[in-house]
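Numbering (the working numbering), first residue to last: 272 to 537. The C-beta atom is built at its ideal place from N, Cα and C for all residues, glycine as well. Computed from a predicted structure; not experimentally measured.
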Amino acid sequence: MTGAARIDTSAPHPARVYDWFLGGKDNYPVDEELGRRIMSVDGTARHIARTNRWFMQRVTRWLAGPGGVRQFLDVGTGIPTEPNLHQMAQGVAPECRVVYTDNDPVVLKHAEALLRSTPEGATDYVQADVREPGRILKEARQTLDLTRPVALSLVALTHFLGDEDDPHTLVEGLVDALPSGSYLVLSQLTADFDPEAVARGVELYRAGGVTLAPRSRAEIARFFEGLTPVEPGLVQLTDWHPELAVGESTDENAVISLYGAVARKP
Ligand SMILES: C[S@@+](CC[C@H](N)C(=O)[O-])C[C@H]1O[C@@H](n2cnc3c(N)ncnc32)[C@H](O)[C@@H]1O
């Protein structure tokens with residue numbers, strides 16, 4: 272495990288606001304305040320956060336099951352929330368190896384929950400920013416064999432990167448470092464379905480000093496260029512293999528403003 276922690280409690284942070292939405296306790300008043308403001312413009316925001324988490328769980332169940340993947344690189348992991356990705360993957364195949372990465376020191380503080388691997392498998396946590404892909408890959412090599420397929424997951428991460436960060440090039444660089452048979456998993460906020468509510472959310476995050484960059488379906492599809500989509504392709508999160516759901520609920524009022532997909536590197 273690598274990294275150093277300095278926690279800023281004066282401004283909201285994406286991992287901690289998301290933790291508040293998920294009902295976690297690892298957030299500060301400033302995060303709860305932003306969460307409550309967002310709930311006041313969209314009362315379904317907590318359900319949508321859970322929907323994103325369920326997408327990660329369904330995808331991981333599929334990857335470790337029919338997908339046959341045994342290595343995972345999860346960037347933008349978030350504060351541990353059970354079941355975490357390694358618990359899903361190792362629940363299917365105990366030998367799975369998982370490397371987690373996040374840039375928020377609060378995630379590092381709670382990382383021991385991510386390190387409770389099965390004896391057959393392995394987990395590690397790397398404190399790093401997705402904008403330093405070289406360092407992420409270097410550290411990941413200590414746990415993962417990058418000559419064998421890896422599922423790279425960037426779940427609800429890329430909307431925290433503005434266009435000035437060139438997220439498409441960052442994602443392409445990470446995928447380029449992985450061998451044929453690897454997978455890219457990505458979910459990202461869009462304004463395609465409910466532009467007004469999403470615009471209000473963007474403004475609230477901006478007022479809290481956090482970049483939130485919704486993208487259109489075409490822009491999100493570009494992350495998967497050159498890869499072979501796993502059916503059903505790029506869809507609203509609830510439409511990705513709903514038959515794999517375990518313990519999920521629905522909210523008829525929620526507009527799921529996130530697309531997600533899984534695609535395989537040829
Ligand atoms: C909404 S949470 C998603 C957590 C988890 N992937 C999930 O879907 O349940 C987004 C996470 O991305 C992390 N993050 C945001 N910007 C990042 C960056 N530049 N580098 C690494 N992680 C980042 C945040 O700290 C946060 O933990």
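Distance CB(P285)-CB(F431) smaller than 7 Å: Working through the sequence shown from its first residue, we reach residue 285 at position 14. Working through the sequence shown from its first residue, we reach residue 431 at position 160. It is a contact, given that the beta carbons lie within the stated cut-off.
Span of the alpha helix (DSSP H), counted from its first residue to its last, around F292: Position 21 of the sequence shown, counted from the start, is the residue given in the question as residue 292. Per DSSP, F292 belongs to the alpha helix (DSSP H) from 285 to 292.
beta-carbon D373 near ligand 1 non-hydrogen atom, thresh 6 Å: Numbered from its first residue, the sequence shown carries residue 373 at position 102. Flag set: Cβ of D373 near ligand 1.
Residues that R535 bridges to, as DSSP identifies them: Counting from 1 along the sequence shown, the entry for residue 535 is found at position 264. Y454, T499.
Proximity test, A422 beta-carbon vs ligand 1 heavy atom, cut-off 6 Å: Indexing the sequence shown from 1 puts residue 422 at position 151. Because no heavy atom of ligand 1 lies under 6 Å away, the Cβ of A422 does not count as near it: no.
Secondary structure, alpha helix (DSSP H): runs of 4+ residues fully inside the stretch 457 to 491: 466 to 478
CB contact flag (R287, V377, <7 Å): Here residue 287 is taken as the residue at index 16 of the sequence shown, counted from 1. Here residue 377 is taken as the residue at index 106 of the sequence shown, counted from 1. Result yes, Cβ atoms of R287 and V377 sit closer than 7 Å.
Identity of the residue in S487, P390, E410, P283 nearest Y530 by Cα: Against the sequence shown, residue 530 aligns to sequence position 259. When only C-alpha atoms are compared, the closest one is S487.
Nearest-angstrom Cα separation, counted from T429 out to L498: To locate residue 498, count along the sequence shown from 1; it is residue 227. To locate residue 429, count along the sequence shown from 1; it is residue 158. Cα to Cα, L498 sits roughly 18 Å from T429.
Contact test: D400 Cβ vs ligand 1 heavy atom, cutoff 6 Å: On the sequence shown, residue 400 is found 129 positions in, with the first residue counted as 1. Under cutoff, so the answer is yes.
Within 7 Å, strictly: CB atoms of S451 and K380: Here residue 451 corresponds to residue number 180 of the sequence shown, with the count starting at 1. Here residue 380 corresponds to residue number 109 of the sequence shown, with the count starting at 1. No; because the gap between Cβ atoms is not below 7 Å, this pair is not in contact.
S424, enclosing beta strand (DSSP E) - first and last residue: Taking the first residue of the sequence shown as position 1, residue 424 is located at position 153. Note, S424: beta strand (DSSP E), 422 to 426.
Check whether P351 and G479 have beta carbons under 7 Å apart: Taking the first residue of the sequence shown as 1, we reach residue 351 at position 80. Taking the first residue of the sequence shown as 1, we reach residue 479 at position 208. Cβ atoms of P351 and G479: not closer than 7 Å.
Residues that T394 bridges to, as DSSP identifies them: Position 123 of the sequence shown, counted from the start, is the residue given in the question as residue 394. For T394, which the question treats as bridged, DSSP gives the partners V369.
Given 8 Å, three or more beta-carbon pairs between the stretch 348 to 362 and the stretch 507 to 514: no
Rounded straight-line distance, which links the Cα of I527 to that of V446: In the sequence shown, the residue the question calls residue 446 occupies position 175. In the sequence shown, the residue the question calls residue 527 occupies position 256. Distance between the alpha carbons of V446 and I527 is about 27 Å.
At least 3 beta-carbon pairs within less than 8 Å: the stretch 367 to 377 vs the stretch 393 to 401: yes
Rounded Cβ spacing between E410 and E391 (contact assumed at less than 8 Å): Translated into positions along the sequence shown, residue 410 becomes position 139. Translated into positions along the sequence shown, residue 391 becomes position 120. So it is not a contact: roughly 22 Å between Cβ atoms.
L457 beta carbon near ligand 1 (any heavy atom closer than 6 Å): Position 186 of the sequence shown, counting from 1, holds the residue named residue 457. Not so, every heavy atom of ligand 1 lies at least 6 Å from the Cβ.
In chain order, each beta strand (DSSP E) run of at least 3 residues that lies wholly inside the stretch 322 to 386: 342 to 346, 368 to 373
Where V301 sits in the DSSP three-state scheme: Looking up residue 301 in the sequence shown gives position 30. If DSSP states are grouped into helix, strand and coil, V301 belongs with the helices.
With 16 other Cβ atoms within 10 Å as the buried cut-off, status of P466: Residue mapping note: residue 466 aligns to position 195 of the sequence shown, counting from 1. Burial call: exposed.
Status (buried if at least 16 other CB within 10 Å, exposed otherwise) for I407: Within the sequence shown, numbered from 1, the residue matching residue 407 stands at position 136. Looking at its Cβ environment, which holds 16 or more other Cβ atoms inside 10 Å, I407 is buried.
Residue closest to E490, alpha-carbon to alpha-carbon, out of V421, L505, T482: Indexing the sequence shown from 1 puts residue 490 at position 219. Nearest C-alpha to E490: L505.
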